[in-house]
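As they're listed, the protein sequences go chains A and B. Residues in the first sequence are numbered from 3 upward in steps of one, following our numbering. Residues in the second sequence are numbered from 3 upward in steps of one, following our numbering. We put the CB at the ideal spot given by N, CA and C, even for glycine. A short write-up of the structure that comes next.
2 protein chains.
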Amino acid sequence: MFEFQITSKNNRARAGIFATPHGEIQTPVFAPVGTQATVKTLTPAQVEAVGATLVLANTYHLYLRPGDDLVRDLGGLHRFMQWPRPMLTDSGGFQVFSLAQTRKIDDEGVTFKSHIDGSTHRFTPEKSIAIQENLGADIIMPFDECSDPNDGAYSKLAMERTHRWAERSLRAQTRPDQALFGIIQGGVQADLRVESAKFIAGLGTPGIAIGGLSVGETKAEMQAMLDVMHPHLPEAQPRYLMGVCTPEDLIDGVMRGIDIFDCVLPTRLARHHSAFAPEGRLNLMNAAFARDERPIDSTCDCYTCMTFTRGYIRHLIVAKELLSGTLISIHNLRALIRLMESIRGYIANGSFESRVPQLLNQWRGNAERENQTMDHG
Amino acid sequence: MFEFQITSKNNRARAGIFATPHGEIQTPVFAPVGTQATVKTLTPAQVEAVGATLVLANTYHLYLRPGDDLVRDLGGLHRFMQWPRPMLTDSGGFQVFSLAQTRKIDDEGVTFKSHIDGSTHRFTPEKSIAIQENLGADIIMPFDECSDPNDGAYSKLAMERTHRWAERSLRAQTRPDQALFGIIQGGVQADLRVESAKFIAGLGTPGIAIGGLSVGETKAEMQAMLDVMHPHLPEAQPRYLMGVCTPEDLIDGVMRGIDIFDCVLPTRLARHHSAFAPEGRLNLMNAAFARDERPIDSTCDCYTCMTFTRGYIRHLIVAKELLSGTLISIHNLRALIRLMESIRGYIANGSFESRVPQLLNQWRGNAERENQTMDHG
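Quick look at the structure:
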């Protein structure tokens, strides 16, 4: 049901097709985030129009609101939010550790207070799987513990707990129509990352996720971790680098063998008036754009760029019209999805590796990283 | 250029086609309001998909922000906001009197302070026409003074000033590709309304607007005013009842000979979680809808009703997701446009008058009026 077929390779970079119950995902792929069962400010028709195949939703958020039982009773996540293509849910782990109030971790699970109303809840690996089975995404994640990359001792404990929780998650799974990945942890310590990669690879899951990166470490540290893990990652399964998606990180990640990416960055930037553009990220509230008749990106084929001027979008921002967030979200998502489309083409024709410097240069002005924050999957 | 062809009549109700430089408007028509050159939370593609032909924008708002000269320099309102179909701008009069701070009216015009930054501005009839010529809508309005309907003496003064200003507006107009309507005022006094209708009809404008209604008078008073004016309205020009659009008022207005309506109600209600529905207006935040698998209106053909459950929309509202406003706006606009479509069909087949009681009954639960407020055209 979850066959992954690699169709071409350029050194470590791979292009492939991952089959799911809701259709095929061409990889490498960038997945927009629909935290609360909606990609913020967009209809599913608009998300489909930007070329998205895979959409991520957050287990922690949906468990609290509207409740996973409600989503199940209304037909599951696909039907609830009317997204007909593949979906992925995270385990809730990252949000419990980054967003919930006063959490208490033990080997069994985590007790935490909701960031919405302070009510007390408990997640265990089994609970996370049960929630994700109610939600019904095609790809699901085991409950994991994400450590502070600068705390080596904690990284080891968190990694070991993540391994035990992965085994329990696999035992708890009952639905055969969901691909439960394993998650590698280990902070920024090469020995831990190797140990974790070997352990998770040994579980034989239909995909491998890499957690605990882009959470405060340097870019060089992230790249080093991807490199040390690589020899230990099974070739035949898709690899998912969680919560990483600046254009630069996508290009670099593909080069280091990653197949799946997700991140809130394009839609969050959009709500803060910031757009990916060839000349670098644009803050469209800037007065310089007031009479600018150009689209955000004259090379872009999205509805926003095919239709509206920078001057109009700047007016919407100044006039506090919410449509600005919608229009910039459409463009920012399309920009990353288009980048991935061209990367797939370059891998297919064997030119990807040689084009990496040019691609990185082209996107240099959009390269600033943001660390993972609360909505992040 | 602005031919109005009446294609069928049912007593006072008329169905027709009003030709404009940006296409034909089938009347009776309901026009969504795009105050700041955007129908709030919707792309023009979504506005087109609900079947809108005519969209209204507000001169006062666009003059202040982004400025009518900027709109002109970016190609005019149609191109600026990418609405390819007919547009109408109001004169700015209503907003100056209802929204601007500390205004001083004299016979020449009005000096007022911007509600945005307190800066001082002056509108005269000539200035309003110049602004509207910069904006470039197909249908434009003369600067008018809207009186408190309960102040008879003021209503007479305001009406007389409105008449003088209408003459000045006609002299100021330079663009032949814009239809400048006349506006009837006169509060709720039958003699004033008759006098104003005769005066404005005598100007020979390509359309007649009726101002100063739905501003605090009773429904019976509004109906009485429509009735006393009717014999004095030219048959051959379209009649526009400004800022009136509860379903009940639309049905009633058509019956009393009105061809054009506009109002912010459907989109404003949407942002306050309220949807038109067969059983009456629904507040979709209500917990009763949490697990409701029905669409807002199972008889509706809009994207929202064809796609989403009440339960999902309620989740979006509770989770403070802006998509709820978009989805309910789509439905509320479509509901009124669909009502007008069926009214046109009933007029064409001669059944409208006999169906009025049934139509009013059908929409009874959505009948609450709202008085005109700041965004109102």
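Original post:
If you measure from the beta carbon of G379 of chain A to each beta carbon in chain B, is any gap under 8 Å?
Top reply: Working through the first sequence from its first residue, we reach residue 379 of chain A at position 377. Bear in mind that a pLDDT of 32 at G379 of chain A, under 50, signals an unreliable position, so the number given afterwards is only what the model happens to contain. It does not; no Cβ of chain B falls within 8 Å.
Subject >> Unbroken stretches of the alpha helix (DSSP H), 4 residues or longer, contained in the segment 306–335 of chain B >> reply: 312–320
**OP:** Identify every residue that forms a DSSP beta bridge with G184 of chain B.
**Re:** Here residue 184 of chain B refers to the residue found at position 182 when the second sequence is read from its first residue. Answer by DSSP bridge pairing, in chain order: B:I210.
**OP:** State the Cα-Cα distance for the pair L362 of chain B and T301 of chain B, rounded to the nearest angstrom.
**Re:** Translated into positions along the second sequence, residue 362 of chain B becomes position 360. Translated into positions along the second sequence, residue 301 of chain B becomes position 299. For L362 of chain B and T301 of chain B, the distance between alpha carbons rounds to 17 Å.
Subject >> Whole-Å CB distance - I339 of chain A paired with V52 of chain A, under 8 Å assumed >> reply: By 1-based counting over the first sequence, the position of residue 339 of chain A is 337. By 1-based counting over the first sequence, the position of residue 52 of chain A is 50. At roughly 6 Å, the Cβ-Cβ gap stays under 8 Å, so I339 of chain A and V52 of chain A are in contact.
Subject >> I315 of chain A vs S326 of chain A beta-carbon contact at 8 Å >> reply: Against the first sequence, residue 315 of chain A aligns to sequence position 313. Against the first sequence, residue 326 of chain A aligns to sequence position 324. Yes, they are a contact pair.
Original post:
Within 10 angstroms of its Cβ, does M342 of chain B collect 16 or more other Cβ (buried), or is it exposed?
Top reply: Residue numbering aside, residue 342 of chain B sits at position 340 when the second sequence is read from its first letter. The residue is buried, with at least 16 neighbouring Cβ atoms inside 10 Å.
Subject >> Any alpha helix (DSSP H) of 4 or more consecutive residues that is wholly inside the segment 255–298 of chain A >> reply: 267–273
Subject >> For Y242 of chain A and F183 of chain A, believed in contact at Cβ under 8 Å, the rounded distance >> reply: Residue numbering aside, residue 183 of chain A sits at position 181 when the first sequence is read from its first letter. Residue numbering aside, residue 242 of chain A sits at position 240 when the first sequence is read from its first letter. Between Y242 of chain A and F183 of chain A the Cβ distance is about 6 Å, and since that is below 8 Å, they are a contact.
Original post:
Is it true that the CB of S130 of chain A sits closer than 8 Å to the CB of G380 of chain A?
Top reply: The structure shown does not extend to residue 380 of chain A, since chain A is modelled only from 3 to 379, so the question has no answer here.
Subject >> Beta-carbon proximity list for R371 of chain B, same chain, < 6 Å, skipping 5 on both sides >> reply: As a working mapping, residue 371 of chain B is identified with position 369 in the second sequence. Low confidence applies here, because R371 of chain B scores a pLDDT of 46, under 50, leaving its location unreliable and the question unanswered by this model.
**OP:** Anything in the segment 291–304 of chain A with a Cβ closer than 7 Å to a Cβ of chain B? List those residues in chain order, please.
**Re:** Taken in chain order, the members of the segment 291–304 of chain A whose beta-carbon sits within less than 7 Å of a beta-carbon on chain B are A292, R293 and E295.
Subject >> Contact check, T126 of chain A vs G138 of chain A, beta carbons under 8 Å >> reply: For this step, residue 126 of chain A is matched to residue 124 along the first sequence. For this step, residue 138 of chain A is matched to residue 136 along the first sequence. Taking 8 Å as the Cβ cut-off, T126 of chain A and G138 of chain A do not qualify as a contacting pair.
**OP:** Have a look at I202 of chain A and Y156 of chain A and give me their C-alpha separation to the nearest angstrom.
**Re:** Your numbering for residue 202 of chain A matches position 200 in the first sequence. Your numbering for residue 156 of chain A matches position 154 in the first sequence. Taking the straight line joining both Cα atoms gives about 19 Å.
Original post:
CA-CA distance, Q364 of chain B and P34 of chain B?
Top reply: On the second sequence, position 362 is the one that residue 364 of chain B refers to. On the second sequence, position 32 is the one that residue 34 of chain B refers to. Roughly 22 Å separates the two Cα atoms.
Original post:
Name the residues in the segment 309–324 of chain B whose C-beta lies less than 7 Å from a C-beta of chain A; which are they?
Top reply: T309, F310, T311, G313, Y314, H317, L318, V320, A321, E323 and L324
Original post:
Taking the C-alpha atoms as reference points, what is the distance between R124 of chain A and R74 of chain A?
Top reply: Position 122 of the first sequence, counted from the start, is the residue given in the question as residue 124 of chain A. Position 72 of the first sequence, counted from the start, is the residue given in the question as residue 74 of chain A. Computed Cα separation, rounded: 20 Å.
Subject >> Member of A:P178, A:I185, A:P151 and A:D150 whose CA lies at the smallest distance from the CA of R167 of chain A >> reply: Position 165 of the first sequence, counting from 1, holds the residue named residue 167 of chain A. For the sequence presented, residue 167 of chain A should be read as Trp rather than Arg. The shortest C-alpha separation from W167 of chain A is found at A:I185.
Subject >> chain B contact residues for R67 of chain A, given Cβ-Cβ distances below 9 Å >> reply: Mapped onto the first sequence, residue 67 of chain A falls at position 65. When 9 Å is used as the limit between beta carbons, R67 of chain A is near these residues of chain B: H317, V320 and A321, in chain order.
**OP:** Could you list the residues in the segment 41–57 of chain A with a C-beta less than 9 Å from some C-beta on chain B, going in chain order?
**Re:** Listed by position, the residues of the segment 41–57 of chain A near chain B (Cβ gap below 9 Å) are V41, K42, T43, L44, T45, P46, A47 and Q48.
Original post:
How far does the alpha helix (DSSP H) with R166 of chain A in it reach, from first residue to last?
Top reply: Translated into the one-based positions of the first sequence, residue 166 of chain A becomes position 164. From DSSP, the alpha helix (DSSP H) with R166 of chain A extends over G154 to A174.
**OP:** Ignore the nearest five residues each way along the sequence and tell me which others in C304 of chain B's own chain have a CB closer than 7 Å to its CB.
**Re:** Against the second sequence, residue 304 of chain B aligns to sequence position 302. Here the set comprises V52, I332, H333 and R336.
Original post:
Between which two residues does the alpha helix (DSSP H) harbouring I131 of chain B extend?
Top reply: Here residue 131 of chain B is taken as the residue at index 129 of the second sequence, counted from 1. Start and end: P127 to L137.
Subject >> Cβ separation of A313 of chain B and L76 of chain A, assumed to be a contact under 8 Å, to the nearest whole Å >> reply: Position 311 of the second sequence holds residue 313 of chain B. Position 74 of the first sequence holds residue 76 of chain A. With the sequence shown as reference, residue 313 of chain B is identified as Gly, and Ala is not the correct amino acid for it. Contact flag correct, Cβ pair sits at about 5 Å.
**OP:** With a threshold of 16 other CB atoms inside 10 Å of the CB of N60 of chain B, please say whether the residue is buried or exposed.
**Re:** In the second sequence, the residue the question calls residue 60 of chain B occupies position 58. Classification of N60 of chain B: buried, given that the 10 Å Cβ count is 16 or more.
**OP:** Look at the Cβ atom of L194 of chain B, then the Cβ atom of M143 of chain B, and state whether they are nearer than 8 Å.
**Re:** One-based indexing of the second sequence puts residue 194 of chain B at position 192. One-based indexing of the second sequence puts residue 143 of chain B at position 141. The answer is no: Cβ separation not under 8 Å.
**OP:** Return helix, strand or coil for V112 of chain A, following the three-state DSSP convention.
**Re:** Here residue 112 of chain A is taken as the residue at index 110 of the first sequence, counted from 1. V112 of chain A: strand per DSSP, three-state reduction.
**OP:** Give the interface partners of F278 of chain A over in chain B, defined as CB-CB distance under 9 Å, in chain order.
**Re:** Residue 278 of chain A sits at position 276 when you count from the first residue of the first sequence. Neighbours of F278 of chain A on chain B: none; closest Cβ ~19 Å, over 9 Å.
**OP:** Ignore the nearest five residues each way along the sequence and tell me which others in I107 of chain B's own chain have a CB closer than 6 Å to its CB.
**Re:** Position 105 of the second sequence, counted from the start, is the residue given in the question as residue 107 of chain B. Around I107 of chain B: no qualifying Cβ.
**OP:** Using a Cβ cut-off of 8 Å (strictly closer), state whether T328 of chain A contacts chain B.
**Re:** As a position in the first sequence, residue 328 of chain A is number 326, starting the count at 1. Output row for T328 of chain A: interface = yes.
Subject >> Beta-carbon separation (whole angstroms), M14 of chain A vs I8 of chain A, contact threshold 8 Å >> reply: Translated into positions along the first sequence, residue 14 of chain A becomes position 12. Translated into positions along the first sequence, residue 8 of chain A becomes position 6. The identity of residue 14 of chain A in the sequence shown is Arg, whereas the question assumes Met. No, R14 of chain A and I8 of chain A are not in contact; Cβ-Cβ is about 12 Å, not under 8 Å.
**OP:** Flag F114 of chain A as yes if its beta-carbon sits less than 8 Å from any beta-carbon of chain B, otherwise no.
**Re:** Indexing the first sequence from 1 puts residue 114 of chain A at position 112. No - not a single Cβ of chain B is within 8 Å of the one on F114 of chain A.
Original post:
So which residues on chain A does A39 of chain B lean against when the C-beta distance must stay under 9 Å?
Top reply: Taking the first residue of the second sequence as 1, we reach residue 39 of chain B at position 37. Neighbours of A39 of chain B on chain A, chain order: Y314, H317, L318, A321 and E323.
**OP:** Could you spell out the range, first to last residue, of the beta strand (DSSP E) harbouring Q28 of chain B?
**Re:** As a first step, residue 28 of chain B is located in the second sequence; it is residue number 26 there, counting from the start. Q28 of chain B -> beta strand (DSSP E) spans G25 to T29.
**OP:** Report the neighbours of Q97 of chain A on chain B: residues whose CB is nearer than 9 Å to its CB, in chain order.
**Re:** Working through the first sequence from its first residue, we reach residue 97 of chain A at position 95. Residues of chain B passing the Cβ test: none, with the nearest at roughly 14 Å.
Original post:
Residues of chain B with a CB under 8 Å from the CB of D75 of chain A: which are they?
Top reply: Mapped onto the first sequence, residue 75 of chain A falls at position 73. Those within 8 Å of D75 of chain A in chain B are R293.
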